[in-house]
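Novice:
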Amino acid sequence: MIDSELKKHIAFAINKLYGQQILPEQLAVEPTKTDFKGDFTFVVFPFLKQSKKGPEQTATDIGEYLLKEFSVVSGYNVIKGFLNIELSGRFWFDFLIHNHNLNSFGFTPADGSSRVLVEYSSPNTNKPLHLGHIRNNLLGYSVAELLKANGHTVFTCNLINDRGIHICKSMLAWMKAGMKDTPENTGKKGDKLVGDYYVAFDKQYKAEMKALIENGMAEEEAEKNAPSMLEAQELLRKWEAGDAETISIWKKMNSWVYDGFDVTYKKLGVSFDKYYYESETYLLGKDMVKEGLDKGVFFTKDNGSVWVDLTADGLDQKLLLRADGTSVYITQDIGTAELKYKELACNKSIYVVGNEQDYHFKVLQLVMQKLGKPYATGIYHLSYGMVELPHGKMKSREGTVVDADDLIDEMIATATETTDALGKTEGLKEAELKQLNETIGLGALKYFILKVDPRKKMLFNPQESIDFHGNTGPFIQYTHARIRSVLRNAGAINAEELNRDELQLHEPEKKLLELLYQYPAAIKDAGQQMSPGVLANYSYEVAKAYNHFYHELSILKESNTHQRLFRIMLCTLTAHVIKSAFAILGIQVPERM
RNA sequence: GGUCCCAUAGCUCAGCUGGAUAGAGCACCGGUUUUCUAAACCGAUGGUCACAGGUUCGAAUCCUGUUGGGACUACCA
110 MIDSELKKHI
120 AFAINKLYGQ
130 QILPEQLAVE
140 PTKTDFKGDF
150 TFVVFPFLKQ
160 SKKGPEQTAT
170 DIGEYLLKEF
180 SVVSGYNVIK
190 GFLNIELSGR
200 FWFDFLIHNH
210 NLNSFGFTPA
220 DGSSRVLVEY
230 SSPNTNKPLH
240 LGHIRNNLLG
250 YSVAELLKAN
260 GHTVFTCNLI
270 NDRGIHICKS
280 MLAWMKAGMK
290 DTPENTGKKG
300 DKLVGDYYVA
310 FDKQYKAEMK
320 ALIENGMAEE
330 EAEKNAPSML
340 EAQELLRKWE
350 AGDAETISIW
360 KKMNSWVYDG
370 FDVTYKKLGV
380 SFDKYYYESE
390 TYLLGKDMVK
400 EGLDKGVFFT
410 KDNGSVWVDL
420 TADGLDQKLL
430 LRADGTSVYI
440 TQDIGTAELK
450 YKELACNKSI
460 YVVGNEQDYH
470 FKVLQLVMQK
480 LGKPYATGIY
490 HLSYGMVELP
500 HGKMKSREGT
510 VVDADDLIDE
520 MIATATETTD
530 ALGKTEGLKE
540 AELKQLNETI
550 GLGALKYFIL
560 KVDPRKKMLF
570 NPQESIDFHG
580 NTGPFIQYTH
590 ARIRSVLRNA
600 GAINAEELNR
610 DELQLHEPEK
620 KLLELLYQYP
630 AAIKDAGQQM
640 SPGVLANYSY
650 EVAKAYNHFY
660 HELSILKESN
670 THQRLFRIML
680 CTLTAHVIKS
690 AFAILGIQVP
700 ERM
C-alpha cells in the first residue's frame, strides 16, 4: 500500500536529514482533504523537535527529499505544517490496471489463525420479530461478513430462548382457549399466532392484577399472586420436571414459531451456521455453577441460592441459581459459552445484543474468568443502541411495536410504487420485477439501519426511512445499475490495449480512483470497529464520486480510445466495489432499475 | 443512591486513535435533460460541535466539572 511506502520513505528522510530514528508506524499519512492539492498529507508538527526547524522548512525538506528519492511522488506543496504529497498519474493508472478485474480486491484471505463466532438474532419464542430484531439481524449478518472479508474464519449462530416463563404464558393462554387454533386452521403465521396468545395472557393477567389491587392488595403483591402468573409458574415447573403433555405442547408451539421466524429470516436474507437452544444448554450451565461452587469462586446464601460476588470488580453480587435450584437467564449463557467453545473452539466469541444488557455481559465475562475458562477474554459484547420511534421507545403494551414482516412488506410496496412511476423497467418479466422491488425495498431498509454506528441509538421515522434519494441504499443501487448499463453498452473490452502514456488524469477520475483505492482500508477500518456503517458511508462516497464523474465526462463517446478504455475500466472497478461492499452489508445490487 | 452510555445545522446522521476553513442527506430556495439510466448532477441557505474549565504548537475529538436525555442496577429474559 502506498501510504505505508510513503511512511517508510518519510522515516528514512527524517533519519537522513536530521539524523533521528523514527519508526514508520509512528508517522501519520492520510488522504489529503479534498479542498487541497495533493493525494496524501503528512503533518510535520510532531517532528519539529527532531528537525529543529520551523514547520514550513521541515515540510519542504521532506517534500524535496521524497520528490528526488521516491519515483511515484510527482510533486508536493506545503501549507503551514502540512506536507501535501502528489503522486504521479502513472501510479493511479497502474493501480486501476492491476485491480480493475480483481474479484478479491479489498479482501484479506483467511489463514485459519483466527476463528470467530458471531451470535445474533437470539429471539424469544413467544413473540414475532420486530424492528429491534431487524437491527440485530442486519448487524449480526453484516459483522460476520465483515470479519470474513478481514480474513477471519467466521461461524454464525442463533441462540433461541425457547424456555422460560414467557413461553409458558403463551402456552397457558392457548390451553385455556381450548387448544384448537393452529397456523394451518387459522392461516396465521406461526410466530404471530403464538404472539397473539402472549398478548391474551397479558390482558388476562392485567385484569386479575387490577381486581386484586382494587381489593386492597399492594401492586407488588398482586404481580406475584395473580392467578394467571401462578399458573404460568406452575407450568414452568411442570416443564422443568419433564411433564409429557407440557413438553408436547411446548414443542408444538415452538415449532410454529420457528416456521414463522424462518419466513422472516429468509426475507431478510440472514442465516445461521448453527442453532443453540436454551433448553439444551441451561442444564450444562447449572453444572458449571456447581463447578464454581466447588472451586470456591461462587457462594451459597442461607436459603440455598447461589451467588457470585463481583463487588471487587465494581459490580454487585449476582444471582446464578435460585433457591429452588432453577436457573436464571445467565445460567444458560454460562452453559452456552462452554458448549460453543467445545464445539467450535473459537478464540473470539461475539454477542450481538442490545446495550440494555451491557451489565449482563460484564457479569458473564467475569464469571467465566472466575471459572478459569481460557476463552473468557475472547467474549465480546457488540452492544448496539436501541431503535426508537418518533414517539419514543417501542412498547408492546401500547401497540407501538413495528412488526418486522409488516415493515419489510411496506418497504417493498413503496419500492414497487416508485419503480412503476419511473417506468424504466420495460421488458422485465413479472418475476424479475418482483425480485427488483424486493431488492430495492430491502436495500432501503437495510442501508437505513446499517449506515448508523451500531453503538448509537437510532431513530426510525417510517416516513423518512423510505426515502430513496441522497444517502440511501436505492441511490447506491441506482448508481450500480447505471454503471452496469454503461458497461453493457461498452461491450467486451481488451485491457491489454491500454497504453498509460496516452492517458490524462482528470479531476473527477482522480477523485474516484482515490476513493476506490481506499476500499481495502475501509474494509479494515469497518472490521476493526465492527461497524458496517463505516462501509455504508464509504459506499455512498463512491457512488457520489461516480455520479460526479459520469456527469462531467463522457465515457463511451470519448474519442481517445485509450482514455475511453481507461474510463470503462474505472466503471468496472467502481461497480465491483459497490457490489462487493453492499454484499458485506447484506444488500443486493440490481443490473438495472 | 450506584454503574454505564449519549449530546454536532430545523430533522436524521458522518467526523472522535488530537491536525488545515466541522461534513453529508432530508427539508427549503435556484439552476441543469437534442448527450452513455434525471432514483442523477450543480449551486445557495443553514453551526456558540450542550455549557464551563483544563491539557498543548493545535481540541468537536483527550481530562475534570455542570446541565439535559437514556439504559442498567429483579430469585424477569
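Taking our numbering, the leading residue of the first sequence gets 110, the next gets one more, and so forth. Quick reminder that beta carbons are idealized off the backbone N, C-alpha and C, glycines included.
1) CB-CB under 6 Å to Phe145, same chain, minus the five flanking residues each way: which ones, in chain order?
2) Helix, strand or coil, according to DSSP, for Thr269 in the structure here?
3) List the DSSP bridge partners of Asp418.
4) Any idea if Tyr385 is buried or exposed, counting beta-carbon neighbours within 10 angstroms, 16 or more meaning buried?
5) Comparing C-alpha positions only, which one of Lys319, Glu519 and Thr509 sits nearest to Gly552?
6) State the DSSP-derived secondary structure class of Val366, mapped to helix, strand or coil.
7) Should the stretch 326-341 be regarded as contacting the stretch 202-222, the criterion being three or more beta carbon pairs within less than 8 Å?
8) If I'm right that Tyr460 touches His490 with Cβ under 8 Å, what's the distance once you round it to whole angstroms?
9) Identify every run of the alpha helix (DSSP H) within the stretch 233-292, keeping only runs that are complete inside it and at least 4 residues long; order them along the chain.
10) Answer yes or no: do Lys301 and Gly369 have a C-beta to C-beta separation smaller than 8 Å?
11) Taking Asn456 as the reference, which of Ala692, Asn245 and Thr262 has the closest Cα?
12) Quick one: what's got a C-beta closer than 6 Å to Thr523's C-beta in the same chain, skipping five residues either side?
13) Would Ala353 be called buried (16 or more neighbouring beta carbons within 10 Å of its own) or exposed?
14) Could you work out which residue in Ala645, Thr435, Phe407 and Glu329 is closest to Leu248 when comparing CA atoms only?
15) Take Asp396 and list the residues in its own chain whose beta-carbon comes closer than 8 Å to its own, dropping the five residues that flank it on each side.
16) Does the separation of the CB atoms of Glu605 and Asn669 fall below 8 Å?
17) Excluding sequence positions up to five away, which residues of its chain have a Cβ less than 8 Å from the Cβ of Trp720?
18) For Thr291, which option in Val496, Met284 and Gly299 has the closest C-alpha, if you only look at C-alpha atoms?
19) By Cβ distance below 7 Å, which residues in the same chain neighbour Ile602 in space, the five residues on each side in sequence not counted?
20) So if DSSP puts Met567 in a beta bridge, which residue, or which two residues, is it bridged to?
21) Of all the options Ile687, Asn608 and Ala684, which has the alpha carbon lying nearest to the alpha carbon of Phe107?
22) Would you tell me roughly how many angstroms separate the C-alpha atoms of Phe191 and Lys162, rounded to the nearest one?
23) Less than 8 Å between the CB atoms is what I'm expecting for Gly401 and Leu480, so what's the real figure, rounded?
24) For Gly487, which residues in the same chain have their Cβ closer than 6 Å to its Cβ, ignoring the five residues on either side in sequence?
25) Using CA coordinates, which residue listed in Leu256, Glu195, Phe214 and Phe179 is at the minimum distance from Ser222?
26) Measure the C-alpha to C-alpha separation of Gly536 and Asp382 and round it to an integer number of angstroms.
27) What residue ranges within the stretch 419-485 form continuous alpha helix (DSSP H) runs of no fewer than 4 residues, ordered along the chain?
28) Measure the alpha-carbon distance for Ala599 versus Ser388 and round it to whole angstroms.
29) How about Leu393 and Leu473: are their beta carbons less than 8 Å apart?
30) In angstroms with no decimal places, state the Cα-to-Cα distance between Gly304 and Gly642.
31) For Ile243, which residues from the same chain have a beta carbon less than 6 Å from its beta carbon, with the 5 sequence-adjacent residues on both sides left out?
32) Pick helix, strand or coil for Phe408, following the three-state DSSP scheme.
33) If you run the structure through DSSP and keep just helix, strand and coil, what is Lys560?
34) Where does Pro164 fall in DSSP's three states?
35) Is the beta carbon of Asp422 closer than 8 Å to that of Phe408?
36) With a CB to CB cut of under 8 Å and the five nearest residues on each side skipped, what residues in its chain are close to Leu554?
Specialist: Judging by the given coordinates:
1) In chain order, Asn193 place their CB closer than 6 Å to the CB of Phe145, counting only its own chain and leaving out the 5 sequence neighbours on each side.
2) Looking at the sequence shown, residue 269 is not Thr but Ile. Ile269: strand per DSSP, three-state reduction.
3) Beta-bridge pairing by DSSP links Asp418 to Gln426.
4) Classification for Tyr385: buried.
5) Closest by alpha carbon: Glu519.
6) If DSSP states are grouped into helix, strand and coil, Val366 belongs with the helices.
7) Segment contact: the stretch 326-341 against the stretch 202-222, fewer than three CB-CB distances shorter than 8 Å; contact not assigned.
8) Rounded, the Cβ-Cβ distance is 5 Å, consistent with contact.
9) Fully enclosed alpha helix (DSSP H) runs of 4 or longer: 240-258 and 274-285.
10) Taking C-beta atoms as the reference points, Lys301 and Gly369 count as a pair closer than 8 Å.
11) Per the Cα distances, Thr262.
12) Only residues of its own chain outside the window of five on either side were considered, and among them Ile575 have a CB closer than 6 Å to the CB of Thr523, listed in chain order.
13) Ala353 should be labelled exposed.
14) Considering only alpha carbons, the answer is Ala645.
15) Gly444, listed in sequence order.
16) Not in contact: Glu605 and Asn669 (Cβ atoms no closer than 8 Å).
17) Past the boundaries of the shown model lies residue 720; the chain is included only from 110 to 702, so the question cannot be answered.
18) Out of Val496, Met284 and Gly299, Gly299 has the C-alpha closest to the C-alpha of Thr291.
19) Only Leu674 and Ile677 meet the Cβ criterion.
20) The beta-bridge partner set that DSSP reports for Met567 consists of Val496.
21) No statement about residue 107 is possible, as the shown extent of the chain runs from 110 to 702 and does not include it.
22) So the two alpha carbons sit approximately 14 Å from each other.
23) Taking a contact as a CB-CB distance under 8 Å, the pair Gly401 and Leu480 counts as one, their CB atoms being some 5 Å apart.
24) Counting only Cβ-Cβ distances below 6 Å, and skipping sequence neighbours, we find Asn456, Lys457 and Ser458.
25) Just measuring C-alpha positions, the residue of Leu256, Glu195, Phe214 and Phe179 sitting nearest Ser222 is Leu256.
26) C-alpha of Gly536 to C-alpha of Asp382: approximately 38 Å in a straight line.
27) The qualifying runs are 438-453 and 467-479.
28) Whole-angstrom Cα-Cα distance: 58 Å.
29) No, these two residues do not count as a Cβ contact at 8 Å.
30) Their backbone Cα atoms lie some 32 Å apart in a straight line.
31) Within the same chain, Ile243 has close Cβ partners Ala513.
32) The answer is strand: DSSP assigns Phe408 an E or B state.
33) Lys560: coil per DSSP, three-state reduction.
34) Per DSSP, reduced to three states, the secondary structure at Pro164 is helical.
35) Contact: no.
36) Within its own chain, the residues whose Cβ lies closer than 8 Å to the Cβ of Leu554, once the five positions on either side in sequence are excluded, are Ile243, Leu516, Ile517, Met520, Ser574 and Gly582, listed in chain order.
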